[in-house]
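Everything in the sequence shown is counted per my numbering, starting at -2 for the first residue and increasing by one.
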Amino acid sequence: MVSYMNKPVNIKYISKDTLLFILEVCRSTAPAEFAGLLRAEDNTIVEVIFLPGTTSSEVSAVLHLYMLPNMRIAGTIHSHPTPNTTPSPADLGLFARTGSCHIIVGAPYSTESWTCYDSTGAKRILQVR
């Protein structure tokens, strides 16, 4: 559950356009990892937010959360250069601090190569619409 304007919201969906945008960014930045934040409206993720100063390489991507704008976020998005979408210990630390929907996209960055996790690292369902 995340709260937007003091109203609890349970994120259930990601817009198809947002997912397709994410997949294209992952493909275009590979083999470097890509990282961003997710914003939702109502119960649907609709936007990726890029933070200034984010750095990435073939082994990691670092978000500088002190650059976070004054807004609520639904979670995070980042890519892995391999098909493995399992969160690392560093991923789990980030998940615990930033929202309730965390997407990891693995190579080949297709509609079948992503997984959503909750803030504890447990897999969760996020439907595309």
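Ideal placement from N, C-alpha and C gives every residue a C-beta, glycine not left out.
Here Arg94 is exposed, its C-beta having fewer than 16 other C-beta atoms within 10 Å. If you look at Glu44, you'll find it in the beta strand (DSSP E) that goes 41 to 46. Beta-bridge partners assigned by DSSP to Arg121: Cys113. Straight through space, the alpha carbons of Leu123 and Asp88 are spaced by roughly 18 angstroms. In this structure Leu91 is buried. Its beta-carbon is surrounded by 16 or more other beta-carbon atoms within 10 angstroms. Cβ neighbours of Lys120 within its own chain (closer than 8 angstroms, five residues either side excluded): Thr112, Cys113, Tyr114. Residues Phe92, His99, Ile101, Tyr114, Gly118 of the same chain have their beta carbon placed closer than 8 angstroms to that of Pro84, with the five preceding and five following residues left out of the count. DSSP links Val102 through a beta bridge to Ser76, Trp111. Residue pairing by DSSP puts Leu34 in a beta bridge opposite Ile46, Thr73. A Cβ-Cβ contact shorter than 7 angstroms links Ile70 with Leu34.
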